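Student: Shown below is the structure under consideration.
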Amino acid sequence: MEKPSHADMDAFYAALLTLKTTQECREFFEDLCTIKELQALSQRFRVACLLDEGRNYLEVSEATGASSATISRVNRCLNYGTGYRRVLDARKGNANG
Numbered sequence: 583m584e585k586p587s588h589a590d591m592d593a594f595y596a597a598l599l600t601l602k603t604t605q606e607c608r609e610f611f612e613d614l615c616t617i618k619e620l621q622a623l624s625q626r627f628r629v630a631c632l633l634d635e636g637r638n639y640l641e642v643s644e645a646t647g648a649s650s651a652t653i654s655r656v657n658r659c660l661n662y663g664t665g666y667r668r669v670l671d672a673r674k675g676n677a678n679g
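If you read the sequence shown in the working numbering, its first letter stands for residue 583, the second for the next number, and so on.
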């Protein structure tokens, strides 16, 4: 599979920004993704939420069914990335920036 260009990715992200409601997001992602892809994305986000609450890997795994590799990757993104942190902080009402 050919790697998408930055322009293609930017167009995709811009399209996401046009969605205004949970229902609009649901409809778009149900058209875009398979059930398995949606489950994987949702699981990763739930893992991030639980890690952000201070849950340990075992608790997160038991609650979500996620593998230790998935939990570790999400944790790394929480610690060194900005995407999860921005969304989690915004959901808590204390976004920085």
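Glycine included, each C-beta is placed from N, C-alpha and C at the ideal position.
Fair warning: this is a prediction, and the values are worked out from it, not measured in the lab.
CA-CA distance, L670 and C631?
Tutor: For L670 and C631, the distance between alpha carbons rounds to 7 angstroms.
Student: Could you check if Y666 is buried or exposed, using at least 16 other CB atoms within 10 Å of its CB as the buried criterion?
Tutor: Burial call: buried.
Student: Are the region 606-617 and the region 630-646 in contact at 8 angstroms, needing three or more beta carbon pairs?
Tutor: No: the two stretches stay apart, fewer than three of their Cβ pairs being nearer than 8 angstroms.
Student: Can you tell me the Cβ-Cβ gap for T646 and R628, rounded? I've got them flagged as a contact below 8 angstroms.
Tutor: Contact holds; Cβ gap of about 5 angstroms.
Student: With a CB to CB cut of under 7 angstroms and the five nearest residues on each side skipped, what residues in its chain are close to G679?
Tutor: Below a pLDDT of 50, predicted positions are generally treated as unreliable, and G679, at 46, falls in that range; the measurement from the model is reported next regardless. Closer than 7 angstroms at Cβ, skipping near neighbours: no residue.
Student: In this structure, how does DSSP classify E641 when only helix, strand and coil are distinguished?
Tutor: Correct three-state label for E641: helix.
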